[in-house]
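Here the structure is laid out as C-alpha cells; the discussion comes afterwards.
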Amino acid sequence: MLSFHTPLHILSAALLGLSLICGNLSAPVPAGAAPTSREQRVTPTVRAVSAVAPAVVNITTTLHQRRAATPFDYFFGLPEREYQSESIGSGVIIDGKQALVLTNAHVVNGASAISVRLLDGRSFEADVVGAEPDFDLAVLRLKNASNVPSVRMGDSSDLMPGESVIAIGNPFGFSHTVTTGVISALDRSIASDEGIITDLIQTDAAINPGNSGGPLLNILGELIGINTAIDARAEGIGFAIPVNKARAVVDAILEQGHVTPSWLGVLGQDVDPRAARALGLPRPEGLLVTECPVKGEMKPGDVILALNGQPVADRAAYLSLLRNRQPGELVRADIVRRGKTITLSLKALPFSDKEADRLAERRWGVVPGKAAGLRGMGGLYIASIRESSPAHRLGLRPGDILIALGGQHIRSGDDYRDAFRRNYLSRRIHVQIVRDRRVLQARMVL
Numbered sequence: 000m001l002s003f004h005t006p007l008h009i010l011s012a013a014l015l016g017l018s019l020i021c022g023n024l025s026a027p028v029p030a031g032a033a034p035t036s037r038e039q040r041v042t043p044t045v046r047a048v049s050a051v052a053p054a055v056v057n058i059t060t061t062l063h064q065r066r067a068a069t070p071f072d073y074f075f076g077l078p079e080r081e082y083q084s085e086s087i088g089s090g091v092i093i094d095g096k097q098a099l100v101l102t103n104a105h106v107v108n109g110a111s112a113i114s115v116r117l118l119d120g121r122s123f124e125a126d127v128v129g130a131e132p133d134f135d136l137a138v139l140r141l142k143n144a145s146n147v148p149s150v151r152m153g154d155s156s157d158l159m160p161g162e163s164v165i166a167i168g169n170p171f172g173f174s175h176t177v178t179t180g181v182i183s184a185l186d187r188s189i190a191s192d193e194g195i196i197t198d199l200i201q202t203d204a205a206i207n208p209g210n211s212g213g214p215l216l217n218i219l220g221e222l223i224g225i226n227t228a229i230d231a232r233a234e235g236i237g238f239a240i241p242v243n244k245a246r247a248v249v250d251a252i253l254e255q256g257h258v259t260p261s262w263l264g265v266l267g268q269d270v271d272p273r274a275a276r277a278l279g280l281p282r283p284e285g286l287l288v289t290e291c292p293v294k295g296e297m298k299p300g301d302v303i304l305a306l307n308g309q310p311v312a313d314r315a316a317y318l319s320l321l322r323n324r325q326p327g328e329l330v331r332a333d334i335v336r337r338g339k340t341i342t343l344s345l346k347a348l349p350f351s352d353k354e355a356d357r358l359a360e361r362r363w364g365v366v367p368g369k370a371a372g373l374r375g376m377g378g379l380y381i382a383s384i385r386e387s388s389p390a391h392r393l394g395l396r397p398g399d400i401l402i403a404l405g406g407q408h409i410r411s412g413d414d415y416r417d418a419f420r421r422n423y424l425s426r427r428i429h430v431q432i433v434r435d436r437r438v439l440q441a442r443m444v445l
C-alpha cells in the first residue's frame with residue numbers, strides 16, 4: 000500500500016496562505032467599492048421627494064368674521080357677532096428669492112391671518128399677493144423671508160396618461176405626506192363653487208383634505224400641477240391644475256394684481272323648446288346668440304353647443320366654461336348656423352372693467368357710485384339710472400344702495416362688476432337695495 004507524506008514546512012505554508020485568504024474575505028469593503036442597501040433603494044421617486052420636500056409648505060389660516068346674524072339686525076342696532084375658525088392646506092414655494100408661495104385660492108379665501116411652516120421647522124406669516132377663485136389659485140408672499148428653497152418648474156404641455164406622478168401635501172394635518180400614482184387622464188372638467196374648472200389633470204395619487212395647494216410632480220421632481228380637489232364620489236380620483244395655466248395666472252397676478260376676465264363678445268339667451276323647433280335643433284340646449292357687441296366671427300342666430308369639447312347646456316354652463324379662460328386663449332366653439340354644424344376657433348377677449356361698466360349701463364341702465372360701507376352689509380350707491388331701462392322700470396333711484404345682485408353681495412365696484420360678468424346674459428336678476436333704512440328686493444327683468 001502506497002502512502003504520501005507532505006513535509007511539515009510545506010503544510011504550514013499552505014495553512015498560512017489559507018488564513019490570509021479567509022482574512023481578506025472578512026475584511027471591511029473599501030468606501031465606494033459597492034453600494035449599500037440604502038443606496039440601492041434610492042429610486043427616482045425618493046430623489047424627487049428629497050429635492051422638492053423643502054419647498055413644500057404647510058399653510059394654516061385663521062378666519063375672524065364680524066357680522067350681524069342677518070342684514071336686518073343692522074336696522075335694530077343689534078351687535079355684530081364674531082366668528083373664528085382655522086383651516087389647513089398646502090402650498091409650494093415657486094420663487095425662493097421673492098419668497099413666493101403658490102396654493103389654492105380656497106385655502107386662503109377670507110383668511111385674516113396666514114401662517115406658513117417649512118420642512119426645516121421655520122414658520123413665517125404670509126400676505127396674499129393675489130387670488131383668483133375662478134382658477135382656484137393664489138399667490139402668497141412670506142414675510143421677512145428670502146432665499147428659501149423653491150421647486151423647479153416643469154412643463155404640462157407634453158404630459159402623458161400613465162406617466163408616474165408624486166403628490167406632497169398636508170392631509171389631515173400630517174406634514175409632508177407623499178403619495179404616488181399615475182396620470183389617469185388629461186383635460187378633465189369638474190364643477191366647483193365658482194363654476195366649472197376645465198383643463199385639469201386627473202390622477203390616482205391619493206389627494207385628501209389638506210393636500211389642496213400642494214405640488215404634483217413628475218418623476219424628475221419638476222412641478223407639473225397644483226393639487227386642487229378630490230372627487231367625493233370615488234376613491235382614487237384627484238385633480239390638479241396644470242402648471243402652464245398656473246404660471247400664466249401667477250404672471251398676471253404679479254404684473255397687474257389680477258387676471259383680466261374674458262368673454263367672446265356676444266350676448267345670448269337659453270334655447271327654449273320653441274326656439275329649438277324653429278332652429279331645427281333636436282333638443283332645447285345651447286346658447287342662442289342674440290347680439291354681437293364686438294364684431295367677430297360669431298353672428299346673431301348662431302347657437303353655441305360646445306366650447307373646447309365641453310357641452311353648453313345653457314347660459315350658466317357657457318359662463319362657467321369661459322370664467323377660467325384668459326384673454327388671448329383660443330376657444331374652440333361648436334355652433335349651429337343655418338342648420339349646419341361648424342367649428343370656429345375664437346380668441347377670448349378681455350372683459351375689462353371699462354367694458355363691464357359700459358355694458359352694464361347699456362343692459363341694466365345702472366351707473367354705480369361710491370361704496371356705502373353699511374355695517375355688516377357694505378353696499379354700493381347708485382349714481383344714476385337711465386330712463387326706460389330695466390332698472391328704471393323696476394323703480395330703482397339714484398341714491399339707492401345696492402347690497403346684492405343675482406345672489407352676490409355688493410360691497411365695492413369690483414363686486415358690482417363681478418356680479419355683472421356673472422349675470423350679463425340673465426333675463427331676470429334678483430336685486431336687493433337699501434332705501435330709507437329699509438331693505439327692498441325685487442326681480443329686474445330685461
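Residue numbers are given in numbering that gives the first Met the number 0: position 147 of the sequence shown equals residue 146, and the series is strictly consecutive. Note that CB positions come from ideal geometry on N, CA and C, so glycine has one too.
What are the uninterrupted segments assigned as beta strand (DSSP E) that are 3 or more residues long and contained completely in the segment 327-385, given in chain order? Within the segment 327-385, the beta strand (DSSP E) runs of at least 3 residues that lie entirely inside it are, in chain order, 329-336, 339-346, 365-373 and 377-384.
Quick one: is Gln431 buried, meaning 16 or more other Cβ sit within 10 Å of its Cβ, or exposed? Its Cβ being crowded by 16 or more others within 10 Å, Gln431 is buried.
Determine the extent of the alpha helix (DSSP H) in which Gln454 is found, giving its start and end residues. The structure shown does not extend to residue 454, since the chain is modelled only from 0 through 445, so no value can be given for it.
For Ser183, the first and last residue of its enclosing alpha helix (DSSP H): If you look at Ser183, you'll find it isn't in any alpha helix (DSSP H); it sits in the beta strand (DSSP E) that goes Thr176 to Ser191.
Buried or exposed: where does Lys244 fall if 16 or more other Cβ atoms within 10 Å of its Cβ makes it buried? The residue in question, Lys244, is buried, as its Cβ has 16 or more Cβ neighbours within 10 Å.
Looking only at its chain, what residues have a beta carbon closer than 7 Å to the beta carbon of Ile20, apart from the 5 residues adjacent to it on each side? Below a pLDDT of 50, predicted positions are generally treated as unreliable, and Ile20, at 43, falls in that range; the measurement from the model is reported next regardless. Once the five neighbours on either side are set aside, Ile20 has no close Cβ partner at all.
Check for me: the alpha helix (DSSP H) holding Val165 runs from which residue to which? It is Ile, not Val, that sits at residue 165 in the sequence shown. Segment Ser163 to Gly168 is the beta strand (DSSP E) holding Ile165; no alpha helix (DSSP H) there.
Can you tell me where the alpha helix (DSSP H) holding His257 begins and where it ends? Bounds of any alpha helix (DSSP H) do not take in His257, whose DSSP letter is neither H nor E.
Excluding five sequence neighbours on each side, which residues of the same chain lie with their C-beta closer than 7 Å to the C-beta of Ala184? The beta carbon of Ala184 sits closer than 7 Å to those of Pro160 and Gln201, all from its chain and outside the five residues before and after it, given in chain order.
Excluding the 5 residues preceding and the 5 following Leu348 in the sequence, name in chain order all residues of the same chain whose CB lies nearer than 7 Å to its CB. Once the five neighbours on either side are set aside, the close Cβ partners of Leu348 are Ser261, Trp262, Leu263, Gly264, Val293 and Pro326.
With DSSP as the reference, please indicate the residues paired to Leu401 in a beta bridge. In DSSP, Leu401 forms a bridge with Leu379 and Ile432.
Please determine if the segment 130-150 and the segment 174-188 are in contact, where contact requires at least 3 C-beta pairs separated by less than 8 Å. Cβ pair count under 8 Å is below three, so no.
Mapping DSSP to helix, strand and coil, what is Asp154? Three-state result, Asp154: coil.
If you measure between the beta carbons of Ile400 and Leu358, is that distance less than 8 Å? Cβ atoms of Ile400 and Leu358: not closer than 8 Å.
Taking all protein chains shown into account, do 16 or more other C-beta atoms lie within 10 angstroms of the C-beta of Gly256, making it buried, or fewer, making it exposed? Exposed, because fewer than 16 other Cβ atoms sit within 10 Å of the Cβ of Gly256.
Can you grab the Cα-Cα spacing for the pair Ala277 / Ala382, in whole Å? For Ala277 and Ala382, the distance between alpha carbons rounds to 42 Å.
Where does Phe123 sit, in a helix, a strand or coil, going by DSSP? It is a strand residue.
Between the segment 281-298 and the segment 236-243, can you find at least three pairs of beta-carbon atoms closer than 8 Å? Contact between the segment 236-243 and the segment 281-298 is absent, with fewer than three C-beta pairs closer than 8 Å.
With burial defined as no fewer than 16 other Cβ atoms inside 10 Å of the residue's Cβ, what is the status of Arg151: buried or exposed? The residue in question, Arg151, is exposed, as its Cβ has fewer than 16 Cβ neighbours within 10 Å.
Less than 6 Å between C-beta atoms, sequence neighbours within five positions excluded: which residues of the same chain meet that for Ala390? For Ala390, where only same-chain residues beyond five positions count, the Cβ hits under 6 Å are Trp363, Gly364, Val365 and Ile384.
Just the C-alpha distance for Leu343 and Tyr423, rounded to the nearest angstrom, thanks. Each residue's Cα considered, the two are about 23 Å apart.
Would DSSP call Val321 helix, strand or coil? Per the sequence shown, residue 321 should be read as Leu rather than Val. Reduced to three states, the DSSP call for Leu321 is helix.
Around the C-beta of Pro272, are 16 or more other C-beta atoms found within 10 angstroms, so that it is buried, or is it exposed? Flag for Pro272 reads exposed.
For Gln268 and Asp119, I'd like the C-alpha separation in whole angstroms. In this structure, the CA atom of Gln268 is about 55 Å from the CA atom of Asp119.
What's the gap between the Cα of Ile402 and the Cα of Ser388? In a straight line, the C-alpha of Ile402 is about 20 Å away from that of Ser388.
Inspect the beta-carbon positions of Asn207 and Phe171 and report whether they are closer than 8 Å. In this structure, Phe171 lies closer than 8 Å to Asn207 by Cβ.
Residue closest to Leu266, alpha-carbon to alpha-carbon, out of Val100, Val258 and Arg426: Considering only alpha carbons, the answer is Arg426.
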